[in-house]
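For what it's worth, UniProt numbering labels the leading residue of the sequence shown as 1, then goes sequentially.
Working notes, beginning with the structure itself.
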Amino acid sequence: MNNINENIHAPNELISLYMKQENNPILLVFDAEWSSTSSMTEIITKKIRKEAKNIKLVKIDIDQEENLARKYRIKKVPTCMLLINNELKYRYEGLFSKSMVLQALAKNS
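Written out as structure tokens, the structure reads:
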């Protein structure tokens with residue numbers, strides 16, 4: 001299975017699968033096609049992918065996955081959430097940077 005899953009048809013099941021794996025950092029990125037920052041989010045996640053090869057990345061379109069957006073209380077896009085050992089370690093609402101995510105990963109690994 002690929003570490004990066006950009007076009008997930010069942011992100012809820014994928015998140016559950018990743019959560020069963022121990023010591024696996026998971027980055028959830030909630031976004032929407034209509035968002036003015038969507039193209040920037042895409043560029044940033046590609047950069048994160050290149051540097052953090054151990055991270056599991058799940059991109060979630062809030063319009064297609066309304067239940068997940070409610071579950072994680074998404075109020076703004078993009079929102080990124082870093083889970084380590086099924087525990088929320090970092091959350092940022094708004095356009096995030098590669099360095100922000102990598103620093104959070106280093107701090108919590």
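We put the CB at the ideal spot given by N, CA and C, even for glycine.
Would you report the Cα separation of residue i and residue j, rounded to the nearest angstrom?
| i | j | result |
| --- | --- | --- |
| N85 | S109 | 10 Å |
| V101 | L82 | 8 Å |
| L17 | S35 | 28 Å |
| I43 | T37 | 10 Å |
Residue i: buried (16+ other C-beta within 10 angstroms of its C-beta) or exposed?
| i | result |
| --- | --- |
| A106 | exposed |
| D31 | buried |
| K59 | buried |
| A28 | What sits at residue 28 in the sequence shown is Leu, not Ala. The residue in question, L28, is buried, as its Cβ has 16 or more Cβ neighbours within 10 Å. |
Check each candidate in the options and name the one with the smallest Cα separation from residue i.
| i | options | result |
| --- | --- | --- |
| P78 | A104, T41, L14 | T41 |
| S99 | A52, P25, E87 | A52 |
| P11 | I43, L57, I44 | L57 |
| I62 | Y90, E33, I15 | E33 |
| E13 | N67, K46, S39 | N67 |
Looking only at its chain, what residues have a beta carbon closer than 6 Å to the beta carbon of residue i, apart from the 5 residues adjacent to it on each side?
| i | result |
| --- | --- |
| F96 | C80 |
| Y90 | L82, A104 |
What span of residues does the beta strand (DSSP E) with residue i cover, start to end?
| i | result |
| --- | --- |
| Y90 | 87 to 93 |
| I77 | The identity of residue 77 in the sequence shown is Val, whereas the question assumes Ile. Careful: V77 lies outside any beta strand (DSSP E) and carries neither H nor E. |
Whose C-beta lies closer than 7 Å to the C-beta of residue i among residues of the same chain, with five residues either side of it excluded?
| i | result |
| --- | --- |
| A75 | One point to set straight first is that residue 75 is Lys, not Ala, in the sequence displayed. E93, listed in sequence order. |
| T45 | V29, L57, K59 |
Below 8 Å CB to CB, which residues in the same chain sit around residue i once its five sequence neighbours on both sides are set aside?
| i | result |
| --- | --- |
| I48 | L27, I55, L57, K98, V101, L102 |
| Y72 | L28, F30, T79, M81 |
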